[in-house]
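Single-structure report; data block below.
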Amino acid sequence: MTAYDPYDQGDVLLVPFPFTDQSGAKQRPAVVLSRRSHNQAHPDVILAPVTSQVSPVTDEVTLADWSGAGLVKPSVVKPLLSAFEGRLVRRKLGALSAPDLAQVRTLFARILDLP
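FYI, in numbering that gives the first Met the number 0 the residues of the sequence shown are 0 to 114.
Written out as structure tokens, the structure reads:
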């Protein structure tokens with residue numbers, strides 16, 4: 000059982016996301032990748048960071064409905080994974096549209112070589 004309301008896959012949350020070099024962290028939006036059933040049973044939620052800084056990395060998902068997800072700028076989902084304790088979530092910003100979530104799921108299935 001969790002000490003927070005479980006989140007749904009596709010929810011966009013504000014969290015202190017660490018830099019990949021572990022030199023610090025920045026408050027940033029992140030999308031929930033783990034399913035609600037996982038989030039209900041575990042204290043951690045699995046997230047991917049969202050940024051408005053588009054890089055030359057080809058494995059990013061450009062969000063078509065970024066404003067509907069509660070974001071203030073056009074944004075992309077980065078191909079990174081991290082687990083966060085639910086208590087670290089600052090707040091829920093919104094949720095990805097069904098087409099955007101489908102693209103994110105496809106990206107991670109391809110990266111992780113999942114069926």
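Ideal placement from N, C-alpha and C gives every residue a C-beta, glycine not left out.
In the DSSP assignment, Ser81 falls within the unbroken beta strand (DSSP E) covering 81 to 84.
With fewer than 16 other CB atoms across the displayed protein chains lying within 10 angstroms of its CB, Ile110 is exposed. In the three-state DSSP reduction, Arg27 falls in the strand class (E or B). Between Val71 and Glu59, the gap from beta carbon to beta carbon reaches 8 Å or more. DSSP lists Val75 as the bridge partner or partners of Thr50. Comparing C-alpha distances from Ala63 to each of Leu46, Pro73, Pro55 shows the shortest one belongs to Pro73. In the DSSP assignment, Phe16 falls within the beta strand (DSSP E) that extends over 10 to 17.
Burial is judged here by how many other beta carbons sit within 10 angstroms of a residue's own beta carbon; Ser33 has at least 16 and is buried.
CA-to-CA, the gap between Arg86 and Arg35 works out to about 16 Å. The DSSP-derived three-state label of Ala63 is coil.
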